[in-house]
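K.L.:
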Amino acid sequence: MRRTKQQDGFWVAPEVPGLELHRAAYTRWTFPKHSHDAFSLCAYDAGAESLYLQGQRVVASVGSFLVVPPGEMHEGREADSSVGWAYRILYIPPSLLIRAAEETGAPPGTLPGFVSPVLQDAALLERFTVTFDALKGGGVSRLEREERLLGLLVALLRRHAGLPHRQRAIPCARGVKRARELLESHPTRNLSLEMLARVAGLSPWHLVRAFHRQFGQTPQVFQRSLRLRLAQELLAGALPMAEVALAAGFTDQSHLIKHFGRTLGVTPGEYRAAAHAGRGPRKHVQSRAPAHP
Numbered sequence: 207m208r209r210t211k212q213q214d215g216f217w218v219a220p221e222v223p224g225l226e227l228h229r230a231a232y233t234r235w236t237f238p239k240h241s242h243d244a245f246s247l248c249a250y251d252a253g254a255e256s257l258y259l260q261g262q263r264v265v266a267s268v269g270s271f272l273v274v275p276p277g278e279m280h281e282g283r284e285a286d287s288s289v290g291w292a293y294r295i296l297y298i299p300p301s302l303l304i305r306a307a308e309e310t311g312a313p314p315g316t317l318p319g320f321v322s323p324v325l326q327d328a329a330l331l332e333r334f335t336v337t338f339d340a341l342k343g344g345g346v347s348r349l350e351r352e353e354r355l356l357g358l359l360v361a362l363l364r365r366h367a368g369l370p371h372r373q374r375a376i377p378c379a380r381g382v383k384r385a386r387e388l389l390e391s392h393p394t395r396n397l398s399l400e401m402l403a404r405v406a407g408l409s410p411w412h413l414v415r416a417f418h419r420q421f422g423q424t425p426q427v428f429q430r431s432l433r434l435r436l437a438q439e440l441l442a443g444a445l446p447m448a449e450v451a452l453a454a455g456f457t458d459q460s461h462l463i464k465h466f467g468r469t470l471g472v473t474p475g476e477y478r479a480a481a482h483a484g485r486g487p488r489k490h491v492q493s494r495a496p497a498h499p
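Here my numbering runs 206 ahead of the position in the sequence shown, where the first position is 1.
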């Protein structure tokens with residue numbers, strides 16, 4: 207049996223206790239019967255794995271998902287020994303899955319199940335990839351990681367667990383305004399979605415949706431806009447680029463360069479040169495929503 211080491215990776219998300227990420231590729235490999243304490247969401251990137259799960263033999267192949275409930279005994283091996291398989295896994299604590307189920311309108315404490323352990327969903331796979339990369343990388347804010355993870359789980363449950371899609375008619379304008387004011391007062395602070403939701407008096411996913419409805423963007427996008435605006439102000443000064451990035455709330459200089467160029471269409475260096483030379487109109491990031499009655 208052989209494991210393709212160069213594809214391996216294991217990450218822990220410190221802000222979400224129990225959340226782990228794994229990427230691996232295997233050929234001629236057999237997993238004995240075992241279970242996990244967490245909910246396993248596996249996305250297959252190559253080949254196929256044959257598993258005995260929930261009393262049946264199933265095959266998860268490239269482009270598909272495998273969902274394994276916590277405590278579920280299973281065993282697996284390559285479906286084709288000449289090919290093997292490669293996958294990425296999110297190990298999700300049950301409490302987080304229960305929380306996501308409650309956001310869909312499920313009764314409190316519901317640990318959802320799935321009709322089939324193998325799922326086909328190209329749109330969800332794209333969302334999984336963006337979320338996985340955000341969680342394992344250091345180049346995005348905590349708020350963005352939490353938003354993407356909760357959004358992925360809510361979409362998974364609504365589309366494949368048969369849970370209701372129920373809109374909650376909760377007055378939220380004032381609560382959302384309080385959350386926005388907190389972001390504006392502390393643009394560089396590593397605020398969590400839970401903290402913003404608590405200030406707003408809403409559940410985390412309800413806050414994300416209500417914030418978007420009211421201001422046209424999610425909290426993490428609004429936060430990034432505030433940080434970019436601060437970076438513009440700092441770039442007009444003499445602070446070194448790496449220090450500008452940290453002072454504006456970005457993880458590092460490459461994180462600043464990535465979002466600055468994507469949003470404003472110029473690099474921080476180009477912006478700094480123009481600002482110092484006094485050439486041309488200065489671009490600004492729109493971070494304040496239009497006034498609402």
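The beta-carbon is built from N, C-alpha and C at its ideal position, and this holds for glycine as well.
1. The alpha helix (DSSP H) that contains residue 475, what's its start and end?
2. Go to residue 225, then tell me how far its alpha helix (DSSP H) extends in each direction, as first and last residue.
3. Using the Cα positions of residue 398 and residue 382, report the straight-line distance between them to the nearest angstrom.
4. Where residue 416 and residue 236 are concerned, what is the direct C-alpha to C-alpha distance, given to the nearest angstrom?
5. Which residues does DSSP pair with residue 215 in a beta bridge?
6. Which residue from 402, 338 and 323 puts its Cα closest to that of residue 216?
7. With distances taken Cα to Cα, identify the nearest neighbour of residue 411 among 468, 394, 379 and 352.
8. On a CA-only basis, which of 248, 260, 278 and 282 is nearest residue 268? Give me that one, please.
9. Ordered along the chain, which non-local residues of its own chain (more than five positions away) have a Cβ less than 7 angstroms from that of residue 348?
10. Got a sec? Which residues, its chain only, sit under 8 angstroms from residue 345 by beta carbon, not counting five neighbours each side?
11. Going by other Cβ atoms of all chains shown within 10 Å of its Cβ, with 16 needed for buried, is residue 479 buried or exposed?
12. Would DSSP call residue 381 helix, strand or coil?
13. Please report the residue range of the alpha helix (DSSP H) in which residue 411 lies.
14. Do you know whose CA, among 252, 271 and 275, lies nearest residue 243's CA?
15. Could you tell me if residue 419 is buried or exposed, where buried requires 16 or more neighbouring beta carbons within 10 angstroms of its beta carbon?
16. Taking a contact to mean a Cβ-Cβ separation below 8 angstroms, would you say residue 285 touches residue 265 in this structure?
17. Compare the C-alpha of residue 279 against each of 259, 405, 402 and 340 and name the closest.
18. At the level of alpha carbons, what is the spacing between residue 477 and residue 438?
19. State the start and end residues of the unbroken alpha helix (DSSP H) segment that holds residue 330.
20. Run through DSSP, which three-state label would residue 245 get?
21. Unbroken alpha helix (DSSP H) runs of length 4 or more, entirely within the stretch 251–329: which are they?
22. Mind the definition here: the stretch 291–304 touches the stretch 226–234 only if three or more C-beta pairs lie below 8 angstroms; say whether that holds.
23. What would DSSP say about residue 425, mapped onto helix, strand or coil?
24. Could you give the first and the last residue of the continuous alpha helix (DSSP H) run that contains residue 160?
P.N.:
In short, the structure shows the following:
1. 474–483
2. Where residue 225 is concerned, there is no enclosing alpha helix (DSSP H), given that its DSSP letter is neither H nor E.
3. 15 angstroms
4. 47 angstroms
5. 229
6. 338
7. 352
8. 248
9. 221, 396 and 398
10. 457, 458, 460, 461 and 464
11. exposed
12. helix
13. 410–421
14. 275
15. exposed
16. yes
17. 259
18. 8 angstroms
19. 328–342
20. strand
21. 300–309
22. yes
23. helix
24. What is shown of the chain runs 207 to 499, which leaves residue 160 out entirely.
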